[in-house]
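With the working numbering applied, the sequence shown covers 154 to 556. Each residue gets a CB set at the ideal place from its N, CA and C atoms; glycine is no exception. Reviewing the structure listed below.
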Amino acid sequence: MKRKVYLKKTDWKDALKMLHNEFSSIFPLESEIVPVKDSLHRIIVKDTTARLSSPHYDASAMDGIVVKAEATFAASASNPKRFSIGKDVELVDTGDPIDEGFDAVIKIEDVTVLDEKTVEVKGSVPPGKDVRFTGEDFRAGDIIISRNHRIRPIDIGAMLSCGVLDVEVRKKPRVCIIPTGSEIVEPKEKLEIGEIIDCNSYIAGGMIAEWGGVPDRNPIVRNDKKEIEVAIKKAVSENEIVIVIAGSSAGLEDYTATIVKKMGKMIVHGVDLMPGKPVILAKVEDKPFVGLPGYPLSAFVILDIYVKELIAMALGIAPQMRKKIKAILEEDIVSKLGMDEIVRMKLSNRDGKLLASSLKRGAGILSSLVQADGLLHNPKDEEGVNGGSEVEIELLKGVKTDS
154 MKRKVYLKKT DWKDALKMLH NEFSSIFPLE SEIVPVKDSL HRIIVKDTTA RLSSPHYDAS
214 AMDGIVVKAE ATFAASASNP KRFSIGKDVE LVDTGDPIDE GFDAVIKIED VTVLDEKTVE
274 VKGSVPPGKD VRFTGEDFRA GDIIISRNHR IRPIDIGAML SCGVLDVEVR KKPRVCIIPT
334 GSEIVEPKEK LEIGEIIDCN SYIAGGMIAE WGGVPDRNPI VRNDKKEIEV AIKKAVSENE
394 IVIVIAGSSA GLEDYTATIV KKMGKMIVHG VDLMPGKPVI LAKVEDKPFV GLPGYPLSAF
454 VILDIYVKEL IAMALGIAPQ MRKKIKAILE EDIVSKLGMD EIVRMKLSNR DGKLLASSLK
514 RGAGILSSLV QADGLLHNPK DEEGVNGGSE VEIELLKGVK TDS
């Protein structure tokens with residue numbers, strides 16, 4: 154039986170451009186209307202404007218008394234002024250409306266209550282003191298949030314405070330995840346020799362949800378061409394993006410490439426990237442199809458580059474980027490010429506310097522990604538990086554640095 158070979162190995166950045174060329178006609182997705190209170194992390198489709206001014210009336214910003222400012226002029230500790238409650242001043246709590254004829258608030262700490270009907274103040278206040286005027290925050294018609302913005306909790310509060318109850322957002326792309334392999338089993342506590350727990354589909358589902366997609370996990374499909382083909386057909390009919398885990402390489406039972414070429418168009422089979430080389434990028438019934446390598450680290454890298462990009466395209470936004478930071482490399486890192494490599498890195502502070510050291514580099518070593526603080530990207534035209542060099546690290550975790 155002949156072993157399959159990769160198609161032409163593609164520059165991994167060119168592969169991103171090819172995805173845009175193939176799928177820019179179907180993305181971004183259409184919009185839908187959702188309640189603002191349920192809109193967290195959704196992408197706003199158009200500028201959202203205030204229906205009401207906020208506040209929608211002149212309001213007290215403090216607990217205290219509301220006064221006419223000019224009546225307090227010349228008041229001092231040596232020359233206090235007295236006012237009648239209900240006539241010259243009124244007691245107010247924070248948020249109470251300011252009645253006509255008054256234009257300032259004196260906080261309760263600066264007021265001496267002499268009796269039930271009389272207060273004394275020992276200082277003057279200017280007009281507008283501690284008053285929240287109508288529209289101070291937003292005026293009716295003001296833009297609250299601009300288009301293509303990812304809604305945060307504070308944005309929800311701002312919209313609701315301005316009378317916006319519903320918002321137009323981009324539909325979330327449904328992403329089907331199909332784990333494959335006769336050796337793959339559902340998570341359990343005891344394993345037989347040769348069994349491998351499916352963790353990749355759960356990693357993928359979590360990442361997809363973080364990026365704004367809706368993961369749809371398919372049950373595990375064994376290494377059978379017909380069963381895999383049936384699963385892909387169903388997934389394509391029900392989802393915007395389809396992912397098959399494992400079977401993308403050139404092994405005797407790696408069927409994904411053969412099936413994809415039968416069902417659709419192969420765009421890329423293999424990129425110049427480690428880990429992640431045996432990726433499949435394809436189009437099946439006009440839907441994006443991604444074949445992930447079976448090793449967890451390889452799957453993570455491909456998800457992080459290509460699936461994240463597809464979800465961002467579907468949402469009409471740029472993909473979320475991680476913060477980058479400079480560090481000093483503690484040891485030499487040797488890489489294979491002609492392949493871009495993503496190296497998992499551990500960061501530490503020592504003598505006021507941020508240092509970076511590499512972790513285990515095998516594509517199946519999930520612990521290295523769990524422990525990693527960041528990623529080092531070593532380009533294909535370099536055989537490595539010398540220890541002592543300053544390198545750029547893409548952060549996976551928050552890292553404390555000396556200021």
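Using the beta-carbon count (16 or more within 10 Å), is H173 buried or exposed?
Classification for H173: exposed.
Quick check: the Cα distance between L405 and M360, rounded to an integer number of angstroms?
Reliability of the predicted coordinates at L405 is poor, the pLDDT of 47 falling under 50, and the value obtained from them is presented with this limitation in mind. Taking the straight line from one Cα to the other gives about 30 Å.
If V189 sits next to L318, beta carbons under 8 Å apart, how far is it from one beta carbon to the other, in whole angstroms?
With a Cβ gap of about 6 Å, V189 and L318 count as contacting.
Once you ignore the five residues that flank V242 on each side, which residues in its own chain have a CB closer than 6 Å to its CB?
For V242, where only same-chain residues beyond five positions count, the Cβ hits under 6 Å are I218, V220 and F236.
Is the segment 220-233 touching the segment 346-363, taking contact as three or more C-beta pairs under 8 Å?
In short, these stretches do not touch, since the Cβ pair count stays below three.
Assuming the contact rule is C-beta atoms closer than 8 Å, I331 and I385 should be a hit. Round their C-beta distance to whole Å, please.
Correct: roughly 7 Å between the Cβ atoms.
With 16 other CB atoms within 10 Å as the buried threshold, where does T265 fall?
By the 10 Å Cβ count, T265 comes out exposed.
Taking the alpha-carbon of G316 as reference, which of S335, R292 and L434 has the nearest alpha-carbon?
Here the closest residue by C-alpha is R292.
Would the segment 450-465 and the segment 420-431 be scored as touching if the rule is three or more Cβ pairs under 8 Å?
Flag = yes, the segment 450-465 and the segment 420-431 touch.
Would you tell me roughly how many angstroms separate the C-alpha atoms of K275 and E262, rounded to the nearest one?
If I take the Cα positions, the gap works out to 11 Å.
Taking 8 Å as the threshold, find out whether the segment 187-202 comes into contact with the segment 240-257 through three or more Cβ pairs.
Counting Cβ pairs under 8 Å, fewer than three are found: no touch.
Let's test the definition: count the other Cβ atoms within 10 Å of the Cβ of M466 and tell me whether it reaches 16, buried, or not, exposed.
So M466 counts as buried.
Where DSSP assigns a beta bridge to M419, which residues make up the other side?
Paired residues: A435.
Determine the contact status of H576 and I197, defining contact as a CB-CB distance below 8 Å.
Limits of the chain in this structure are 154 at one end and 556 at the other, which puts residue 576 out of reach.
For the alpha helix (DSSP H) that contains M492, what are its first and last residues?
Note, M492: premise wrong, no alpha helix (DSSP H); not H, not E.
Contact check, E269 vs K234 under 8 Å by CB: the rounded distance?
With 8 Å as the limit, E269 and K234 do not qualify as a contact, their Cβ atoms being about 18 Å apart.
Classify L405 as helix, strand or coil using the three-state DSSP reduction.
Residue confidence is low: L405 scores 47 on pLDDT, short of 50, so the model does not pin down where it sits. No coordinate-derived value is stated.
Going by alpha carbons, who is nearest to I412 out of N502, A525, K430 and N376?
Nearest option by C-alpha distance: N376.
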